[in-house]
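So the structure is just underneath, and the comments pick up after that.
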Amino acid sequence: MVIFTRLNLLAIISAFTITLGSGASAQPWKSVDPSSAGWPVEQLKAAQDYAATLKPTAVMVVHSGEVIASWGEVTRKVNVASVRKSLLSAL
């Protein structure tokens, strides 16, 4: 339960930070190899396996403006208006 809460909080903060920190850009996301960016591939796989149990629409890990990992339908638009108030309350 503690891991679930921490992961949710991390995802919320990351999404909020990315939204605030990024300007509108027509440039596509640049994907990089996780291991060359210093990310442990085994832990990313474990995160993907855990996320699969939660059945998210999509997950994208972005570090320094580069896509480290992504899975699910990352190009699909999702209505998150109902999440907005909870997201801001958590911050």
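Those letters in the sequence shown? Residues -26 to -1, 1 to 65, by mature numbering (1 follows the signal peptide of the UniProt record, and there is no 0).
Backbone N, C-alpha and C define an ideal beta-carbon position, used for all residues, glycine too.
If you're wondering where the values come from, they're calculated on a predicted model, not measured in any experiment.
If you drop the 5 nearest sequence neighbours on each side, which residues of the same chain put their C-beta closer than 6 Å to that of residue i?
i, result
"valine 35", "Ile42 and Ala43"
"alanine 25", "Val33"
"tryptophan 3", "Val41"
"valine 48", "Ala32 and Met34"
Beta carbon of residue i, beta carbon of residue j: below 8 Å?
i, j, result
"leucine 18", "proline 30", "no"
Using a Cβ-Cβ cutoff of less than 8 Å, which residues in the same chain neighbour residue i once the five nearest sequence positions on both sides are dropped?
i, result
"valine 6", "Glu40, Val41 and Ile42"
For residue i, which of the options has the nearest alpha-carbon?
i, options, result
"tryptophan 13", "Ala55, Ser56 and Ser38", "Ser38"
"residue 149", "Ala11, Ala20 and Gln1", "Any answer about residue 149 is impossible in this case: the structure gives the chain only from -26 up to 65."
Could you please give the first and the last residue of the uninterrupted beta strand (DSSP E) stretch that includes residue i?
i, result
"glutamate 16", "Glutamate 16 -> not in any beta strand (DSSP E); alpha helix (DSSP H) instead, spanning 15 to 28."
"serine 44", "40 to 46"
"valine 54", "No beta strand (DSSP E) holds valine 54; DSSP gives it neither H nor E."
From which residue to which residue does the alpha helix (DSSP H) around residue i run?
i, result
"valine 6", "Counting along the chain, valine 6 falls outside any alpha helix (DSSP H), and DSSP gives it neither H nor E."
Whose C-beta lies closer than 7 Å to the C-beta of residue i among residues of the same chain, with five residues either side of it excluded?
i, result
"valine 52", "Thr31"
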